[in-house]
C-alpha cells in the first residue's frame, strides 16, 4: 500500500498528537514529583527531591508496595502454571467443547474489571465466607489470577501454534523419553513466550485497582489502591506523585523485556 506525501504527513501528525496525549500527562506526574511545593503546578519554579525522601520513609506506601509485590508474584506463579497447561491442552488436543473452553479462558480479560470484582466479591461473601474463607490476601490473588492467566495463555498458545511438532517426533524416534523431549526440545521452543507472558501478567497485576477494590478487605491496600486513597489528601499529593512516578518507571521494565523477548522470536 502506497501513501502520498500528504497522507504520510497527516499520519505523522495524528501519531504525534496521540503519543502526546498519552505520555505528556505521565511526564507531568514525574516532573511534579520534583516540585518543591505541595500543590502541583507547571511550570515548576522550585525543584527538590525532598518528596522522594518523604516517600521512602512513608510506612503506608512501603506496606502497599510489599502487598502489591506479594499479590503480583503469587498471581503470576498461578498464571504461569494454569496458563501453560491450558495452552498445551487446547493446542495439542482435540475434544468436545474446545472452542468454548478457549472463549471462557480469554473472557476475563475482556470483561470490565468492575464486573469481575463484583462477581468475586459476591462469591466470597455469600458462598465462601460461611465456609471460613473470607476476603483477604487470598481473594485479591484469586481476582488477579483470573486475568493474569490470560496473558500467559495467549503468549504460550501463540508460540505452540508456530512450533514444528516434527522435531518432537524426531527426538522420540531417536530414543528420547517424553520428559527428555519436553525438556530439551519443546520447552526451549516456548520458553521466551512463557517468560514474556509472566512479565506482562506481573505488570498487569501490580497496576490493577478495580478488581482489588472489590476483593480486598478493609485495611488491605495494594500500591494502586494506596495512591487512589491518598490522592484527595493535599499533604500527601507530592508523595503520591513520587509513588506514581516510580510505578510508571517500574511498569516499563516488564513490558520492555516482554517486547524484546517476543520481538527476538520473530527474527
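Residue numbers (our numbering): 2 to 268. Where is the CB? At the ideal position from N, CA and C, for every residue including glycine. Remember, predicted model here, so these are calculated numbers, not experimental data.
field: Contacting residues, own chain, Cβ-Cβ under 6 Å from residue 250 (five flanking each side not counted)
entry: none
- prompt: In its own chain, which residues sit with a C-beta less than 7 Å from the C-beta of residue 109, not counting the 5 before and 5 after it?
  reply: 117, 147, 148, 151
| Closest to residue 248 by CA distance: which of 90, 228, 234, 141 is it? | 228
#### Entry: Nearest neighbour of residue 30, chosen from 239, 253, 203 [CA to CA]
239
>> For a minimum of 4 consecutive residues, which ranges assigned as the alpha helix (DSSP H) are wholly contained in the segment 48-76?
In response: 51-57
inquiry  = With H, G and I counted as helix, E and B as strand and the rest as coil, what does DSSP make of residue 36?
reply    = strand
inquiry  = Quick check: the Cα distance between residue 115 and residue 207, rounded to an integer number of angstroms?
reply    = 17 Å
Where does residue 162 land, buried or exposed, given buried means 16+ other C-beta within 10 angstroms? exposed
Self-check item: The alpha helix (DSSP H) enclosing residue 191, as first and last residue numbers
Solution: 188-208
Quiz prompt | Stretch pair the segment 123-142 + the segment 57-67: three plus CB contacts closer than 8 Å | solution = no
task: Measure from the C-beta of residue 242 to each C-beta in chain E and report whether the shortest distance is under 8 Å.
output: The structure shown contains no chain E; it is built from a single protein chain.
message: My parser needs the alpha helix (DSSP H) runs of 4 or more residues fully inside the segment 108-191; what are they?
response: 114-124, 138-163, 166-174, 179-182
Review point. Shortest alpha-carbon distance to residue 52 belongs to which of 200, 70, 236, 19?
Key: 236
For the putative contact between residue 197 and residue 262, defined by C-beta atoms under 8 Å, what is the C-beta separation to the nearest angstrom? 4 Å
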